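S.K.: Sequence order for the protein chains is P and G.
All residue numbers for the first sequence refer to the numbering used here, where the first residue is 218 and numbers rise by one.
All residue numbers for the second sequence refer to the numbering used here, where the first residue is 218 and numbers rise by one.
One structure, pasted below without further comment.
Number of protein chains: 2
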Amino acid sequence: MADLPGKVHGKVKASRYRDIAAKLQKDIRLGTYAVGNLLPTETELMASYTASRQTVREALRILIDQGLIIRRAGLGSVVIAAEPPVLFTHSVKSLGEWLRYSNETYRDVTGSRDIVADKKLAAMLKCEPGKSWFLIEAVRRSDQFAAPLGWTEIYVLRKFAGVVKRSDHGRTPVHEQVAKMYGQTTEYAQMEIFVRGMPAPIAKQLGVKAGSPALTVVRRYYGLREELFEVTITTHPEGRYTYTMDMQRSLRPRL
Amino acid sequence: MADLPGKVHGKVKASRYRDIAAKLQKDIRLGTYAVGNLLPTETELMASYTASRQTVREALRILIDQGLIIRRAGLGSVVIAAEPPVLFTHSVKSLGEWLRYSNETYRDVTGSRDIVADKKLAAMLKCEPGKSWFLIEAVRRSDQFAAPLGWTEIYVLRKFAGVVKRSDHGRTPVHEQVAKMYGQTTEYAQMEIFVRGMPAPIAKQLGVKAGSPALTVVRRYYGLREELFEVTITTHPEGRYTYTMDMQRSLRPRL
DNA sequence: TGACGGACTTTGTCCGTATAAATTGGGCAA
DNA sequence: TTGCCCAATTTATACGGACAAAGTCCGTCA
Chain P
218 MADLPGKVHG
228 KVKASRYRDI
238 AAKLQKDIRL
248 GTYAVGNLLP
258 TETELMASYT
268 ASRQTVREAL
278 RILIDQGLII
288 RRAGLGSVVI
298 AAEPPVLFTH
308 SVKSLGEWLR
318 YSNETYRDVT
328 GSRDIVADKK
338 LAAMLKCEPG
348 KSWFLIEAVR
358 RSDQFAAPLG
368 WTEIYVLRKF
378 AGVVKRSDHG
388 RTPVHEQVAK
398 MYGQTTEYAQ
408 MEIFVRGMPA
418 PIAKQLGVKA
428 GSPALTVVRR
438 YYGLREELFE
448 VTITTHPEGR
458 YTYTMDMQRS
468 LRPRL
Chain G
218 MADLPGKVHG
228 KVKASRYRDI
238 AAKLQKDIRL
248 GTYAVGNLLP
258 TETELMASYT
268 ASRQTVREAL
278 RILIDQGLII
288 RRAGLGSVVI
298 AAEPPVLFTH
308 SVKSLGEWLR
318 YSNETYRDVT
328 GSRDIVADKK
338 LAAMLKCEPG
348 KSWFLIEAVR
358 RSDQFAAPLG
368 WTEIYVLRKF
378 AGVVKRSDHG
388 RTPVHEQVAK
398 MYGQTTEYAQ
408 MEIFVRGMPA
418 PIAKQLGVKA
428 GSPALTVVRR
438 YYGLREELFE
448 VTITTHPEGR
458 YTYTMDMQRS
468 LRPRL
């Protein structure tokens, strides 16, 4: 959607359907067609603009791409926004890329076991207390540095426990392994970043002082029907990890 | 682009053009049409699929929307990717929404002054040492709680210093004020989150212990030609701030 | 060699038409 | 009243055709 025809040096070439789209956009922005209401039907637009159905539909397609309307057979064109809504976007190819660990990092698994969420863990994972999980604990390390980057706790549904046996287990994001082995896809994900004093058990593993500044990142992965199937909690000591995100103004290609 | 026709309960309805699109996608993924090469022309596709030009073009439009091809009059359909590139997106309406402060928070400005970036500050801002900035310092507070949420340092170019005089200064993101007053728009932005021990001067302002865990968020705003025009640094004590981000699998509407 | 021009190819735009599918609303029956 | 089916409306899909605009290719000419 980046570089479609109709653009010349940033300017938009004139054409029948673009003119119609521009007029409709204006009418939507000015409230002639309010949000929630219907646009005129294709037949009406054909009459009022003296254009063919093809041309009218091409114009309406622009409004769809801009997120201004949705269209339904039997219903019509519903105005859902007065302005193109999205201005800035941040995109990632996969949720693995989301975490900006480079390829030189890996998980050094220290152990794994079944665990039942008590009230405190349930709050952290955002699941019901009493839910069963399979826990994988690991130290995140880098090829470059001797000091560990952080401590990782990975909670997956018990039925996915088999991922620990994979040969690429330490270097591939677990949610990708789950997808490959069990076909569980991630439909929705959530991340939380906050600061806390380093918990004593983790401090011991990482060789830092308990209570020292620690950055904790919680990632929750949801499948179909909002089912939470994996949560990872990583905790980093001061100076070992920075989360970075870039955002770009999204250019709307057509018109 | 969320909910176009052709989808029923997540499944895709069969239709001529979707079949053609699916076949072409497969051929692209398998390398029959390699990246950089051309797809068959519309006329050729009409012949090989026994479909009208309209139908073929509808199929190709799907590939365009998926970012697999670009089309040019006189050239053809160039394959630019073997797989739909973007899988997960996080979108925000404005960069103000980016920072998840609700409307109940505001900046309590404690002072402002000119400042020249020394080596240390330049590294933090990612600018050249010696660059001049206008610094606004403020405590971020909430209507709900007595304790301050954090400490904010806002660095803007000196020519934008006038924003402090605005009546809405404390409740509107500064980059929006700059946009309104001076027409400076944000084309690109970057965020960094890391943990550090609370610096003594800030600790004093916030009434917490120096060296206690602190979450620092740096936001850099760039205009046209990569010009850095604003940087904000906010520092939060433990328990006062959590950064949250939601990501949704981007559903490609057609097909 | 390099610039220019024209023929050719390919997509862009626009028109006409027909049938299918989805949605709504009203009438009818339980 | 409630629920179901039918008819009307509206968009979705698909066919046909025509000319314009943009890019490529190649031969000609300086």
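Virtual Cβ for every residue (Gly too), placed ideally from N, Cα, C.
Small disclaimer: the values here were computed from a predicted structure and weren't measured.
Can you find a CB in chain P that lies within less than 7 angstroms of the CB of Ala406 (chain G)?
M.R.: Answer yes: the Cβ-Cβ gap between Ala406 (chain G) and chain P drops below 7 angstroms somewhere.
S.K.: Buried or exposed for Gly440 (chain G), going by 16 or more other Cβ atoms inside 10 Å?
M.R.: The residue is buried, with at least 16 neighbouring Cβ atoms inside 10 Å.
S.K.: May I ask you to list the residues that DSSP assigns as paired with Ser329 (chain P)?
M.R.: P:Ile353.
S.K.: Tell me the DSSP secondary structure of Asp463 (chain P) in three-state form.
M.R.: Strand, per DSSP.
S.K.: Looking at the unbroken beta strand (DSSP E) that takes in Pro430 (chain P), where does it start and where does it end?
M.R.: Per DSSP, Pro430 (chain P) belongs to the beta strand (DSSP E) from Pro430 to Tyr439.
S.K.: Please determine, among G:Gly387, G:Thr272 and G:Tyr234, the residue with the shortest C-alpha to C-alpha distance to Glu321 (chain G).
M.R.: Out of G:Gly387, G:Thr272 and G:Tyr234, G:Gly387 has the C-alpha closest to the C-alpha of Glu321 (chain G).
S.K.: Just to confirm the assignment, what range does the alpha helix (DSSP H) spanning Leu280 (chain G) have?
M.R.: Arg270 to Asp282 is the extent of the alpha helix (DSSP H) around Leu280 (chain G).
S.K.: Helix, strand or coil, according to DSSP, for Pro454 (chain G) in the structure here?
M.R.: Of the three classes helix, strand and coil, the one that applies to Pro454 (chain G) here is strand, per DSSP.
S.K.: Name the chain G residues that come within less than 7 angstroms of Glu455 (chain P), Cβ to Cβ?
M.R.: Within 7 angstroms Cβ-Cβ: Val412, Arg413 and Gly414.
S.K.: Please list the segments of the alpha helix (DSSP H) lying wholly inside the region 339–425 of chain G, counting only runs of 4 or more residues, in order along the chain.
M.R.: DSSP runs (the alpha helix (DSSP H)) wholly in the region 339–425 of chain G: 391–399 and 417–423.
S.K.: Taking Cβ positions, are Gly367 (chain P) and Arg358 (chain P) nearer each other than 7 angstroms?
M.R.: Not in contact: Gly367 (chain P) and Arg358 (chain P) (Cβ atoms no closer than 7 angstroms).
S.K.: Whose C-alpha, out of G:Leu338, G:Gly424 and G:Arg274, is nearest the C-alpha of Glu261 (chain G)?
M.R.: Measuring from the Cα of Glu261 (chain G), the nearest candidate turns out to be G:Arg274.
S.K.: Gln465 (chain G) versus chain P: which residues are under 7 angstroms apart at the beta carbon?
M.R.: Within 7 angstroms Cβ-Cβ: Tyr405.
S.K.: Give, in chain order, every residue of the region 419–435 of chain P whose Cβ lies closer than 7 angstroms to some Cβ of chain G.
M.R.: Residues passing the 7 angstroms Cβ filter: Pro430, Ala431 and Leu432.
S.K.: Taking the C-alpha atoms as reference points, what is the distance between Tyr405 (chain P) and Ala268 (chain P)?
M.R.: Distance between the alpha carbons of Tyr405 (chain P) and Ala268 (chain P): 42 angstroms.
S.K.: Considering only the beta carbon of each residue, do Gln401 (chain G) and Asp463 (chain P) sit closer than 7 angstroms?
M.R.: Contact flag unset, no.
S.K.: Under 7 angstroms, Cβ to Cβ, is there at least one residue of chain G near Met462 (chain P)?
M.R.: Yes, contact with chain G.
S.K.: Looking at chain G, which residues of the region 253–272 of chain P have a Cβ within less than 9 angstroms of any of its Cβ atoms?
M.R.: Those would be Gln271, in chain order.
S.K.: Is the Cβ-Cβ distance between Glu393 (chain G) and Glu370 (chain G) less than 7 angstroms?
M.R.: Not closer than 7 angstroms, so no.
S.K.: Of all the CB atoms in chain G, is at least one closer than 7 angstroms to the CB of Thr452 (chain P)?
M.R.: Taking Cβ atoms only, chain G never reaches closer than 7 angstroms to Thr452 (chain P), which makes this a no.
S.K.: Shorter than 7 angstroms from the beta carbon of Glu275 (chain G) to some beta carbon of chain P?
M.R.: Answer no: the Cβ-Cβ gap between Glu275 (chain G) and chain P never drops below 7 angstroms.
S.K.: Output, in chain order, the set of chain G residues within a Cβ distance shorter than 8 angstroms of Thr459 (chain P).
M.R.: Going along chain G in sequence order, the residues near Thr459 (chain P) (Cβ under 8 angstroms) are Glu409, Ile410 and Phe411.
S.K.: Please state whether the Cβ-Cβ distance between Glu455 (chain G) and Arg413 (chain P) is less than 7 angstroms.
M.R.: Result yes, Cβ atoms of Glu455 (chain G) and Arg413 (chain P) sit closer than 7 angstroms.
S.K.: Give every residue of the same chain whose Cβ lies closer than 6 angstroms to the Cβ of Lys336 (chain G), excluding the five residues on either side of it in the sequence, and list them in chain order.
M.R.: Correct list, in chain order: Pro346.
S.K.: Determine the DSSP secondary structure at Leu256 (chain G), reduced to helix, strand or coil.
M.R.: Of the three classes helix, strand and coil, the one that applies to Leu256 (chain G) here is coil, per DSSP.
S.K.: Within 10 Å of its beta-carbon, does Val252 (chain P) have 16 or more other beta-carbons around it, so buried, or fewer, so exposed?
M.R.: Val252 (chain P) comes out exposed.
S.K.: How is Tyr478 (chain G) classed by DSSP in three states: helix, strand or coil?
M.R.: Nothing can be reported for residue 478 (chain G): it is not among the residues displayed for chain G, which extend from 218 to 472.
S.K.: Please classify Leu285 (chain P): does DSSP put it in a helix, a strand, or coil?
M.R.: In the structure shown, Leu285 (chain P) sits in coil (DSSP, three-state: anything other than H, G, I, E or B).
S.K.: Under 7 angstroms, do Leu432 (chain G) and Tyr458 (chain G) count as touching if we go by C-beta distance?
M.R.: In contact: Leu432 (chain G) and Tyr458 (chain G) (Cβ atoms closer than 7 angstroms).
S.K.: Can you find the residues in the same chain that come closer than 8 angstroms, C-beta to C-beta, to Met398 (chain G), ignoring five residues on each side of it along the sequence?
M.R.: Correct list, in chain order: Phe377, Gly379, Val380 and Arg383.
S.K.: So, at 7 angstroms on beta carbons, what are the nonlocal neighbours of Leu342 (chain G) in its own chain, with the 5 sequence-adjacent residues on each side left out?
M.R.: Only Ala334, Tyr372 and Val448 meet the Cβ criterion.
S.K.: Under 6 angstroms Cβ to Cβ from Pro430 (chain P), same chain only, skipping five residues before and after it: list those, please.
M.R.: Excluding positions up to five away in sequence, the list reads Glu455.
S.K.: By DSSP, does Leu292 (chain P) sit in helix, in strand, or in coil?
M.R.: Leu292 (chain P) falls in the coil class under three-state DSSP.
S.K.: For Val326 (chain G) and Leu338 (chain G), what's the separation of their Cα atoms in angstroms?
M.R.: Approximately 21 angstroms, taken between the alpha carbons.
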